[in-house]
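Here's the structure we're looking at; comments come further down.
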Amino acid sequence: GTVSLALVGKVKVADLAVSEAKTLITELYNRDYLVDPQVSVLVISFSPKVVLVLGSVNNPGVVEIPHDRDLMLTEAIAEVRGISRLGNPRSLKLKRLGGNDDSQQIDVNFSKILTDPNSEDIVLKEGDTIWVPERML
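Just so we're aligned, residue 1155 is where the sequence shown starts under my numbering, counting upward by one.
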(Lines of atoms letter the chains of each structure in order from A and count residues from 1; the text may use other names and numbers.)
(Lines give C-alpha, C1' and ligand atoms only; values in the text may rest on other atoms or scores of the structure.)
Protein backbone atom coordinates (compact mmCIF):
# COMPACT_ATOMS: atom_id res chain seq x y z
CA GLY A 1 0.00 0.00 0.00
CA THR A 2 3.00 2.32 0.24
CA VAL A 3 6.13 3.03 -1.77
CA SER A 4 9.39 4.54 -0.51
CA LEU A 5 10.77 7.24 -2.77
CA ALA A 6 14.06 9.09 -2.69
CA LEU A 7 13.68 12.67 -1.38
CA VAL A 8 9.93 12.24 -0.80
CA GLY A 9 9.82 9.32 1.65
CA LYS A 10 6.88 6.96 2.04
CA VAL A 11 3.83 7.60 -0.13
CA LYS A 12 0.51 5.80 0.30
CA VAL A 13 -0.73 4.50 -3.06
CA ALA A 14 -3.20 1.87 -1.84
CA ASP A 15 -6.58 2.05 -3.61
CA LEU A 16 -5.23 4.37 -6.30
CA ALA A 17 -5.33 3.64 -10.01
CA VAL A 18 -1.95 3.59 -11.76
CA SER A 19 -2.64 6.97 -13.37
CA GLU A 20 -3.63 8.47 -9.99
CA ALA A 21 -0.45 7.15 -8.35
CA LYS A 22 1.64 8.58 -11.19
CA THR A 23 -0.04 11.99 -10.82
CA LEU A 24 0.44 11.99 -7.03
CA ILE A 25 4.14 11.08 -7.25
CA THR A 26 4.73 13.63 -10.00
CA GLU A 27 3.12 16.35 -7.87
CA LEU A 28 5.18 15.41 -4.82
CA TYR A 29 8.47 15.62 -6.75
CA ASN A 30 7.36 18.78 -8.59
CA ARG A 31 6.70 20.69 -5.34
CA ASP A 32 10.19 21.11 -3.96
CA TYR A 33 12.64 18.75 -5.59
CA LEU A 34 12.53 18.52 -9.38
CA VAL A 35 11.44 20.62 -12.33
CA ASP A 36 9.05 18.82 -14.68
CA PRO A 37 9.67 15.30 -13.30
CA GLN A 38 8.92 12.35 -15.57
CA VAL A 39 7.42 9.47 -13.56
CA SER A 40 6.54 5.93 -14.62
CA VAL A 41 4.51 3.57 -12.46
CA LEU A 42 4.54 -0.17 -13.05
CA VAL A 43 2.41 -2.63 -11.09
CA ILE A 44 4.40 -5.82 -10.46
CA SER A 45 1.63 -7.64 -8.64
CA PHE A 46 -1.70 -6.95 -6.98
CA SER A 47 -2.37 -7.57 -3.32
CA PRO A 48 -4.36 -10.77 -3.16
CA LYS A 49 -7.98 -10.62 -2.08
CA VAL A 50 -9.15 -13.93 -0.71
CA VAL A 51 -12.09 -15.90 0.66
CA LEU A 52 -11.92 -18.98 2.87
CA VAL A 53 -13.77 -22.18 2.03
CA LEU A 54 -13.88 -24.54 5.00
CA GLY A 55 -15.70 -27.59 6.25
CA SER A 56 -16.80 -30.61 4.26
CA VAL A 57 -15.15 -29.81 0.94
CA ASN A 58 -12.52 -31.89 -0.82
CA ASN A 59 -9.64 -29.41 -0.47
CA PRO A 60 -10.49 -26.69 2.10
CA GLY A 61 -8.47 -23.50 2.05
CA VAL A 62 -7.96 -20.05 0.63
CA VAL A 63 -9.39 -19.04 -2.75
CA GLU A 64 -8.04 -15.91 -4.41
CA ILE A 65 -10.45 -13.43 -5.97
CA PRO A 66 -9.33 -12.49 -9.51
CA HIS A 67 -8.22 -8.85 -9.70
CA ASP A 68 -10.16 -8.22 -12.93
CA ARG A 69 -13.58 -9.75 -12.18
CA ASP A 70 -15.91 -11.02 -9.47
CA LEU A 71 -15.61 -14.45 -7.86
CA MET A 72 -18.85 -16.40 -7.70
CA LEU A 73 -19.74 -18.96 -5.02
CA THR A 74 -19.87 -21.79 -7.58
CA GLU A 75 -16.33 -20.92 -8.72
CA ALA A 76 -15.03 -20.90 -5.15
CA ILE A 77 -16.56 -24.31 -4.45
CA ALA A 78 -15.08 -25.62 -7.70
CA GLU A 79 -11.63 -24.26 -6.70
CA VAL A 80 -11.70 -26.43 -3.56
CA ARG A 81 -12.65 -29.44 -5.71
CA GLY A 82 -16.31 -29.46 -4.71
CA ILE A 83 -18.32 -30.47 -1.69
CA SER A 84 -17.27 -33.80 -0.19
CA ARG A 85 -19.66 -36.74 -0.07
CA LEU A 86 -20.24 -36.01 3.63
CA GLY A 87 -20.97 -32.33 3.01
CA ASN A 88 -24.46 -30.84 3.02
CA PRO A 89 -24.90 -28.61 -0.05
CA ARG A 90 -28.32 -27.45 1.18
CA SER A 91 -27.08 -25.58 4.25
CA LEU A 92 -23.89 -23.66 3.50
CA LYS A 93 -23.06 -20.74 5.78
CA LEU A 94 -21.56 -17.57 4.34
CA LYS A 95 -20.00 -15.27 6.91
CA ARG A 96 -19.50 -11.76 5.56
CA LEU A 97 -17.68 -8.96 7.34
CA GLY A 98 -19.42 -5.61 7.38
CA GLY A 99 -17.96 -2.13 7.25
CA ASN A 100 -17.72 -1.66 11.02
CA ASP A 101 -16.08 -5.02 11.78
CA ASP A 102 -19.53 -6.50 12.34
CA SER A 103 -20.43 -9.65 10.48
CA GLN A 104 -23.53 -11.29 9.13
CA GLN A 105 -24.23 -14.93 8.41
CA ILE A 106 -26.13 -15.91 5.29
CA ASP A 107 -27.66 -19.37 4.90
CA VAL A 108 -27.21 -20.65 1.34
CA ASN A 109 -28.85 -23.58 -0.42
CA PHE A 110 -26.06 -24.38 -2.86
CA SER A 111 -28.05 -27.22 -4.43
CA LYS A 112 -30.73 -24.72 -5.41
CA ILE A 113 -28.16 -22.41 -7.02
CA LEU A 114 -26.95 -25.33 -9.14
CA THR A 115 -30.32 -26.75 -10.15
CA ASP A 116 -32.84 -23.87 -10.19
CA PRO A 117 -32.53 -21.73 -13.34
CA ASN A 118 -34.19 -18.82 -11.49
CA SER A 119 -31.71 -18.89 -8.61
CA GLU A 120 -28.76 -16.49 -8.81
CA ASP A 121 -25.19 -17.30 -7.90
CA ILE A 122 -23.63 -15.24 -5.09
CA VAL A 123 -20.82 -12.75 -5.67
CA LEU A 124 -18.18 -13.24 -3.00
CA LYS A 125 -16.36 -10.36 -1.34
CA GLU A 126 -12.93 -10.10 0.23
CA GLY A 127 -12.89 -11.64 3.68
CA ASP A 128 -15.91 -13.91 3.16
CA THR A 129 -15.81 -17.31 4.84
CA ILE A 130 -17.84 -20.20 3.47
CA TRP A 131 -18.58 -23.09 5.81
CA VAL A 132 -19.92 -26.39 4.43
CA PRO A 133 -21.37 -28.46 7.29
CA GLU A 134 -21.63 -32.24 7.35
CA ARG A 135 -24.89 -33.98 6.48
CA MET A 136 -27.02 -35.22 9.33
CA LEU A 137 -27.10 -38.98 9.04
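Virtual Cβ for every residue (Gly too), placed ideally from N, Cα, C.
Not a single unbroken stretch of the alpha helix (DSSP H) spanning 4 or more residues falls wholly within the region 1156-1185. With contacts defined as CB atoms closer than 7 Å, V1207 and V1234 qualify as a contacting pair. Excluding the 5 residues flanking it on each side, V1204 has same chain C-beta neighbours closer than 6 Å at V1216, E1218, in chain order. The continuous stretches of alpha helix (DSSP H) do not include K1279, and DSSP gives it neither H nor E. It is roughly 39 Å from the alpha-carbon of Y1187 to the alpha-carbon of G1253. Excluding sequence positions up to five before and after N1242, its CB lies within less than 8 Å of the CB of S1210, V1286, P1287, E1288, R1289, M1290, all in the same chain and listed in chain order.
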